[in-house]
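Colleague:
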Amino acid sequence: MLQTQDVGYWYKNEQESLYKNVNLEFKRGNMYAILGASGSGKTTFLSLIAGLDVPKAGAVLYNGESLAKIGLRNYRKNDVSIIFQAYNLLPYMSALDNVLTAMAISSSKQADKKAFALESLANVGIDETLANKNVTQLSGGQQQRVAIVRALCCDHELIVADEPTGNLDEKNSKDIVQLFQKVAHEQKKCIIIVTHEQGIAKVCDKVYELKNQAFALIT
Numbered sequence: 001m002l003q004t005q006d007v008g009y010w011y012k013n014e015q016e017s018l019y020k021n022v023n024l025e026f027k028r029g030n031m032y033a034i035l036g037a038s039g040s041g042k043t044t045f046l047s048l049i050a051g052l053d054v055p056k057a058g059a060v061l062y063n064g065e066s067l068a069k070i071g072l073r074n075y076r077k078n079d080v081s082i083i084f085q086a087y088n089l090l091p092y093m094s095a096l097d098n099v100l101t102a103m104a105i106s107s108s109k110q111a112d113k114k115a116f117a118l119e120s121l122a123n124v125g126i127d128e129t130l131a132n133k134n135v136t137q138l139s140g141g142q143q144q145r146v147a148i149v150r151a152l153c154c155d156h157e158l159i160v161a162d163e164p165t166g167n168l169d170e171k172n173s174k175d176i177v178q179l180f181q182k183v184a185h186e187q188k189k190c191i192i193i194v195t196h197e198q199g200i201a202k203v204c205d206k207v208y209e210l211k212n213q214a215f216a217l218i219t
């Protein structure tokens, strides 16, 4: 589904690369974790596979076609959902409208989009009253759950997430991870999570660790 082909990335010069010659494969129906110390480059890697940035060397392929050929804008619109650590919700909208807007942009095929969005929000503890509130009136943890639902409600087969449980308590974190597992295994989507939490990594199907400028499969 998603492959990196000899991917390399650096900021100023190649001699100070974050990594080189990265060849990884991510398949449908699986949940992946990418572990790494702060500053190791794991969030930058997420930006590359999400089509938010381009490699300095090599290529990222989706279904065998390079993102450069697909077009980054088309790829982000049609193929990948991104869960940002900073939420990136539209601050002038309600939680519900944030989800509905994403579904409209991604051309969701859900027949009753509003009912589906409300049900999905309710599944993560955002009831209809909260759903109709402006997102700026919600707590950080609530906003994070809205951002997660927004990504999951689109029809995209690939979901990438940057520290998606970083602002959640233990119970909500566990619920969200279980939801990710269900989406990956039952809906046959591919979920890639950048995290520093070993608890999340333990329940993923495969775990890569970014260390010393290289990725290693550890489970």
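Just so you know, full-length UniProt numbering puts 108 at position 108 of the sequence shown, and the rest follows in order with no gaps.
Yeah, the Cβ is synthetic: ideal placement off N, Cα and C, and Gly gets one too.
Please read these numbers as outputs of a predicted model, since none were measured by experiment.
1. Any chance the segment 160-167 sits against the segment 77-86, with 3 or more Cβ pairs inside 8 Å?
2. How many angstroms separate the CA atom of residue 14 from the CA atom of residue 44?
3. Answer with buried or exposed for residue 170, where buried requires no fewer than 16 other C-beta atoms within 10 angstroms of its C-beta.
4. Determine, using beta carbons only, whether residue 177 and residue 35 come nearer to each other than 8 Å.
5. Exposed or buried, which one is residue 145 when buried takes at least 16 other CB atoms within 10 Å?
6. Please go through the segment 18-82 and give each complete beta strand (DSSP E) segment of 3 or more residues, from N-terminal end onward.
7. Ordered along the chain, which non-local residues of its own chain (more than five positions away) have a Cβ less than 7 Å from that of residue 109?
8. For residue 4, count neighbouring C-beta atoms within 10 Å of its own C-beta (all shown protein chains included) and say buried if the count is 16 or more, exposed if not.
9. Taking a contact to mean a Cβ-Cβ separation below 8 Å, would you say residue 99 touches residue 121 in this structure?
Modeller: This is what the structure gives:
1. Result yes; three or more Cβ-Cβ pairs closer than 8 Å.
2. Looking up residue 14 in the sequence shown gives position 14. Looking up residue 44 in the sequence shown gives position 44. Distance between the alpha carbons of residue 14 and residue 44 is about 16 Å.
3. For the purposes of this step, residue 170 is taken as residue 170 along the sequence shown, with counting starting at 1. Result: exposed.
4. Taking the first residue of the sequence shown as 1, we reach residue 177 at position 177. Taking the first residue of the sequence shown as 1, we reach residue 35 at position 35. Against a cut-off of 8 Å, the Cβ pair of residue 35 and residue 177 comes out as no contact.
5. Start at 1 with the first residue of the sequence shown, and residue 145 comes out as number 145. Residue 145 should be labelled buried.
6. Every beta strand (DSSP E) of 3 residues or more that sits fully in the segment 18-82 is shown, in chain order, as 19-22, 31-36, 57-62.
7. On the sequence shown, position 109 is the one that residue 109 refers to. For residue 109, where only same-chain residues beyond five positions count, the Cβ hits under 7 Å are 155.
8. Position 4 of the sequence shown, counted from the start, is the residue given in the question as residue 4. Within 10 angstroms of the beta-carbon of residue 4 lie 16 or more other beta-carbons, which makes it buried.
9. Within the sequence shown, residue 99 is the residue found at index 99, counting from 1. Within the sequence shown, residue 121 is the residue found at index 121, counting from 1. With respect to residue 121, residue 99 sits close: the two C-beta atoms are nearer than 8 Å.
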